[in-house]
Amino acid sequence: MKQGSAKNLIMEINVGFIILGVWLLSGLLRLLPEMVREGRRRKVENAKRQESLEAIRKDGIPQVFLASPQLAILHFGNEVLKVWETVTEPKYRDIEGYPPDWAWRRYAVRLRDHDRCTKCKVTIARPHVHHVKPVRQGGRHGFENLVTLCATCHEREHPGNSWFRKLRFGFVRRWRPTRPPDFRHRR
């Protein structure tokens, strides 16, 4: 290989890199206004989210979100769990019957127990939330009285209850929503 042809090859490679760099830079410059708009939009969304978080920190979680913790987490972010634990949960701690935030309690117990059965330690897709001391015997809906169990262990805890047997063999039809719930008519 001749000396001149090596220099030409290096020069062509350098020119190729320069052209590639200019092409990438022009693409970035074309995207820059869109990136700036996206950043502004995110700032506005974050400000609105912080504003609504401040409101629920003061007043508690809105009634609409009491039935669905996952929806509230999607709407407000993970910080809503702390708000529920400190503001909303104490309101319903000593209520008779199942509290309106029962879905949150179940969700929090499942998070605490990592969707594992506390008896047999198996990870389960549909854990049951069980009262250690039954409500009819004076048990409460507090976290210290709630554990997650698999269907088999839950059936063992309630040996005379035929509902579990029917559920296990598919005779009980579980309610599944066909469309998202409509909260407009609730107060």
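In this note's numbering, the protein residues as written are 2 to 188. Here a beta-carbon is modelled for each residue, glycine too, at the ideal position from N, C-alpha and C.
Just checking my contact of residue i with residue j at CB under 8 Å: how many whole Å lie between their CB atoms?
i: T149; j: D114; result: 4 Å
i: R111; j: P128; result: 6 Å
Which residues in the same chain as residue i place their Cβ atom closer than 8 Å to its Cβ, once the five residues preceding and following it in sequence are excluded?
i: R106; result: E90, P100, V130, H142, F144, L147
i: H132; result: G140, H142, N146, L147
Please work out which residues of its chain come closer than 7 Å, Cβ to Cβ, to residue i, disregarding the five sequence neighbours upstream and downstream, and give them in chain order.
i: K120; result: L150, C154
For the beta strand (DSSP E) that contains residue i, what are its first and last residues?
i: V123; result: Counting along the chain, V123 falls outside any beta strand (DSSP E), and DSSP gives it neither H nor E.
Just list the residues that DSSP pairs residue i with in beta bridges.
i: H131; result: V148
i: R117; result: T124
Can you give me the start and stop residues for the alpha helix (DSSP H) that residue i sits inside?
i: A73; result: 70 to 77
i: L82; result: 80 to 84
Residues in the same chain with beta-carbon distance under 6 Å from residue i, minus the five sequence neighbours each way, listed in chain order, please.
i: R157; result: none
i: G78; result: none
i: W85; result: I62, W105
Exercise. So does the segment 138 to 151 actually touch the segment 95 to 103, counting three or more Cβ pairs closer than 8 Å?
Worked result: yes
Exercise. Is the number of C-beta pairs between the segment 31 to 42 and the segment 70 to 90 that are closer than 8 Å three or more?
Worked result: no
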